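Engineer: Numbering (my numbering), first residue to last: 4 to 743.
All C-beta atoms, glycine included, are put in the ideal place defined by N, C-alpha and C.
Since the model is a prediction, treat every value here as computed from it, not as a measurement.
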């Protein structure tokens with residue numbers, strides 16, 4: 004090789020082993036001109052710099068270059084991505100249910116306290132490590148502590164499990180969206196069956212309701228048990244294919260494509276929620292629902308389960324442990340104020356939950372008013388037949404005319420008069436009290452709220468198809484926003500680690516997930532969705548976040564992390580976070596983990612099966628194979644943590660020089676990186692100890708890439724006056740200079 008050529012930029016053929024900092028640098032194999040050399044020079048703090056070494060150059064002449072990594076087009080785009088990921092379907096159908104179940108407005112107090120103690124500190128922690136190290140979850144935790152590198156792989160597994168069933172919920176919303184362009188809506192009333200002699204209502208629908216029948220029979224065509232697969236539901240299969248196609252197209256170019264989609268998917272739900280709130284507030288009975296929601300039951304706050312459920316909701320509302328938060332923040336500039344982002348996104352998430360709760364209870368108040376009116380009309384028709392057969396005519400107040408439509412107040416006055424006289428025999432009359440509070444106390448959550456209760460309320464809206472289209476389009480957008488973060492939590496760590504093309508990995512991941520997801524669009528698929536929702540995420544994510552917290556606070560060092568934050572943010576974070584990360588949040592998370600274990604032990608695995616003959620749900624225990632699957636989901640999700648720890652501990656996988664994680668991947672010829680970085684010396688990679696030689700380097704003479712004999716610690720200067728590349732060759736046979 005001519006001496007006046009510039010230092011070689013490596014083109015490799017076999018395995019390369021690089022530190023976690025270097026491995027994830029997005030550096031492609033160089034061109035054949037070999038005009039310039041790129042070095043990764045950095046200390047153990049992971050703040051590596053890429054420098055170009057030119058002919059005749061010296062340390063003082065080297066220009067630092069920022070590593071090649073995609074970046075957000077704007078801060079707004081990044082905030083919308085984080086908001087879209089954290090604000091999801093749980094804000095619409097989980098938070099209102101917990102609020103109703105756990106004391107109404109009083110539930111907001113423990114939720115806010117735990118948001119400050121658990122949510123914001125852990126969210127800030129994930130944002131900070133992703134932004135500081137600029138890697139996905141695998142690279143981040145490999146760098147923090149190689150023996151805890153399994154945390155990143157566990158996050159990827161959990162993300163994949165969640166993505167499998169979460170996209171099924173999006174496909175359900177797509178199905179309802181496609182069916183909403185009809186007047187009247189197809190779930191407006193029960194279908195009729197005609198035969199030769201008569202026409203009658205479908206018995207299953209008559210025993211339940213029109214919206215319940217449509218959900219279980221028309222949409223899901225559900226079987227009676229999880230053991231009865233019943234074959235594929237082709238309508239839902241096509242919707243699932245459409246859902247995965249949308250995710251794939253939005254993610255295929257990374258944040259360059261998904262970031263633009265975020266403008267619509269993150270903002271549109273707020274437009275719909277505000278429109279629903281304005282519309283529902285002018286409906287009769289809406290204020291009854293809101294009043295019921297915000298009437299605090301302070302005594303419930305003293306129950307431990309309220310705090311446990313509030314902590315769990317905080318935990319999942321922010322998407323902690325999935326890796327999506329880390330992946331999104333890794334595309335930020337190093338000096339971005341991630342503390343401001345953590346507080347902003349956390350409170351946006353909280354206020355979104357409150358807004359959704361207002362909408363839900365306003366609509367449910369309207370629905371309860373409708374149902375209460377039906378109850379009054381039904382019971383009013385019974386009273387004339389009971390006169391003289393249990394009810395004396397003298398009990399009827401003078402101003403009430405039974406031949407006319409009775410108001411709710413008149414009905415309650417009449418029932419109170421009858422109950423006062425027939426106190427012991429009132430139940431035998433078959434009259435209902437028709438109380439709107441009783442109707443609002445019927446707790447509904449999850450799919451029951453979105454696809455049964457809400458759809459029933461919308462059938463009574465003026466222009467109901469329009470509101471149905473808007474509602475299910477909102478659900479699709481909320482789901483997609485969370486799916487983008489979940490899929491990013493899978494793709495970013497794998498691309499950073501294994502250097503595969505994003506397009507190929509995205510398509511492969513979506514295709515694989517679609518085919519595995521076919522189990523969720525069987526007739527028994529809804530039961531598998533329940534299984535995965537209950538067991539594939541809760542415990543594994545808790546364990547992952549506990550290990551993340553411990554890795555930063557006790558393995559990496561909380562003092563060192565604070566120095567990193569000061570260097571990155573330009574100011575020292577509040578001391579509050581120091582004590583939170585080191586003591587409070589680990590203790591609270593361990594208590595939450597313990598209580599979750601106790602809850603699982605006390606509640607054997609079960610699911611709600613829809614019994615067609617009875618037209619109602621019934622709690623059924625999972626079969627033995629179902630219990631085994633539930634346990635396997637938890638074990639498979641956390642398995643990478645002990646496996647990677649064991650492989651590192653017994654040196655099956657080398658930790659790399661200086662204790663910094665080294666990961667091998669396919670990229671050219673076998674080249675071993677030179678020895679351990681020195682402390683506080685940016686050029687330490689150039690002075691590291693080289694591996695022992697098995698064969699002399701064929702190009703040692705010209706100094707472009709030499710291998711010191713006998714493990715010499717110093718790398719010689721190149722003969723042209725510049726520095727050598729500093730990557731000693733290992734086990735490379737003699738070859739002409741042109742081959743290098």
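I'd like to know whether the C-beta atoms of residue 581 and residue 147 end up nearer to each other than 7 Å.
Structural biologist: For residue 581 and residue 147, no; Cβs fall outside 7 Å.
Engineer: Can you grab the Cα-Cα spacing for the pair residue 291 / residue 364, in whole Å?
Structural biologist: C-alpha separation (whole angstroms): 9 Å.
Engineer: What residues in its chain sit with their C-beta under 6 Å from that of residue 367, if we drop five residues either side in the sequence?
Structural biologist: Excluding positions up to five away in sequence, the list reads 292.
Engineer: Taking C-alpha atoms, which residue in 75, 539 and 117 lies nearest to residue 588?
Structural biologist: Answer by Cα proximity: 117.
Engineer: On the premise that residue 623 lies in contact with residue 635, defined as a C-beta separation below 8 Å, what is that separation, rounded to the nearest angstrom?
Structural biologist: Incorrect: roughly 20 Å between the Cβ atoms, too far for contact.
Engineer: Please determine, among 509, 549, 530 and 652, the residue with the shortest C-alpha to C-alpha distance to residue 248.
Structural biologist: Minimum Cα distance to residue 248 is reached at 509.
Engineer: Work out the CA separation of residue 459 and residue 208 for me, nearest whole Å.
Structural biologist: C-alpha separation (whole angstroms): 13 Å.
Engineer: Specify the secondary structure class of residue 37 as computed by DSSP and reduced to three states.
Structural biologist: No answer about residue 37 holds up, because its pLDDT of 34 lies below 50 and its placement is not dependable.
Engineer: By how many angstroms is the C-alpha of residue 158 removed from the C-alpha of residue 641?
Structural biologist: Using only the alpha carbons, I get a separation of about 9 Å.
Engineer: Indicate whether residue 320 and residue 372 have their beta-carbon atoms separated by less than 7 Å.
Structural biologist: No, they are not a contact pair.
Engineer: Where in the segment 156 to 215 do unbroken runs of the beta strand (DSSP E), each at least 3 residues long, occur, reported from the N-terminal end onward?
Structural biologist: Those beta strand (DSSP E) runs which fall completely within the segment 156 to 215 and span 3+ residues are 195 to 197 and 202 to 204.
Engineer: Is residue 736 helix, strand or coil by DSSP?
Structural biologist: Here residue 736 scores only 38 on pLDDT, less than 50, and its place in the model should not be relied on; the value that follows carries that caveat. Three-state result, residue 736: coil.
Engineer: Do you know whose CA, among 258, 425, 88 and 475, lies nearest residue 323's CA?
Structural biologist: Nearest of 258, 425, 88 and 475 to residue 323, Cα basis: 88.
Engineer: Which of the three DSSP states, helix, strand or coil, is assigned to residue 119?
Structural biologist: In this structure, residue 119 counts as helix in the three-state DSSP scheme.
Engineer: What's the C-alpha gap between residue 243 and residue 552?
Structural biologist: Between residue 243 and residue 552, the C-alpha separation is close to 36 Å.
Engineer: Which residues in the same chain as residue 633 place their Cβ atom closer than 8 Å to its Cβ, once the five residues preceding and following it in sequence are excluded?
Structural biologist: Closer than 8 Å at the Cβ level, and outside the excluded window around residue 633, lie 534, 537, 538, 608 and 625.
Engineer: Start and end of the alpha helix (DSSP H) containing residue 146?
Structural biologist: Note, residue 146: alpha helix (DSSP H), 140 to 147.
Engineer: Tell me whether residue 134 sits in a helix, a strand or coil according to DSSP, three-state version.
Structural biologist: Looking at residue 134 - three-state DSSP - the assignment turns out to be helix.
Engineer: Count the other CB atoms within 10 Å of the CB of residue 1; is the residue buried (16 or more) or exposed (fewer)?
Structural biologist: Shown here, the chain extends from 4 to 743; a query on residue 1 therefore has no answer.
Engineer: Answer yes or no: the CB of residue 191 versus the heavy atoms of the ligand NAD, is any distance below 6 Å?
Structural biologist: Judged by which ligands are present, the structure shown has none, so any question about the ligand NAD falls away.
Engineer: Pull up the DSSP beta-bridge partners for residue 624, would you.
Structural biologist: 609.
Engineer: Considering only their Cβ atoms, is the gap separating residue 349 from residue 98 smaller than 7 Å?
Structural biologist: For residue 98 and residue 349, no; Cβs fall outside 7 Å.
Engineer: Taking the alpha helix (DSSP H) that residue 466 belongs to, which residues open and close that run?
Structural biologist: Careful: residue 466 lies outside any alpha helix (DSSP H) and carries neither H nor E.
Engineer: In whole angstroms, what separates the C-alpha of residue 309 from that of residue 176?
Structural biologist: Using only the alpha carbons, I get a separation of about 30 Å.
Engineer: What is the rounded straight-line gap between the Cα of residue 78 and the Cα of residue 133?
Structural biologist: For residue 78 and residue 133, the distance between alpha carbons rounds to 16 Å.
Engineer: Within 10 angstroms of its Cβ, does residue 746 collect 16 or more other Cβ (buried), or is it exposed?
Structural biologist: Because the chain spans 4 through 743 in this model, residue 746 falls outside it and cannot be assessed.
Engineer: For the alpha helix (DSSP H) holding residue 387, just list the boundary residues, first then last.
Structural biologist: Per DSSP, residue 387 belongs to the alpha helix (DSSP H) from 341 to 389.
Engineer: Can you tell me whether DSSP reads residue 235 as helix, strand or coil?
Structural biologist: Of the three classes helix, strand and coil, the one that applies to residue 235 here is strand, per DSSP.
Engineer: Quick one: what does DSSP say residue 416 is sitting in, helix, strand or coil?
Structural biologist: Of the three classes helix, strand and coil, the one that applies to residue 416 here is helix, per DSSP.
Engineer: Taking its Cβ as the centre, do 16 or more other Cβ atoms sit within 10 Å of residue 295, making it buried, or is it exposed?
Structural biologist: Residue 295 comes out buried.
Engineer: Am I right that residue 369 and residue 435 are in contact with their C-beta atoms under 8 Å? What's the rounded C-beta distance?
Structural biologist: That belief does not hold up - the Cβ atoms of residue 369 and residue 435 are roughly 20 Å apart, past 8 Å.
Engineer: Quick one: residues in its chain with C-beta nearer than 8 Å to the C-beta of residue 614, no 5 flanking neighbours on either side, listed in chain order?
Structural biologist: 227, 620 and 621.
Engineer: Just the Cα atoms here: how many angstroms apart are residue 172 and residue 485?
Structural biologist: Cα to Cα, residue 172 sits roughly 12 Å from residue 485.
Engineer: Measuring CA to CA, which of 466, 497 and 216 is closest to residue 617?
Structural biologist: The option with the nearest alpha carbon to residue 617 is 216.
Engineer: Nearest by alpha-carbon distance to residue 161: which of 261, 252 and 643 is it?
Structural biologist: When only C-alpha atoms are compared, the closest one is 643.
Engineer: Taking the straight line between their C-alpha atoms, what separation do you get for residue 143 and residue 137?
Structural biologist: Taking the straight line joining both Cα atoms gives about 8 Å.
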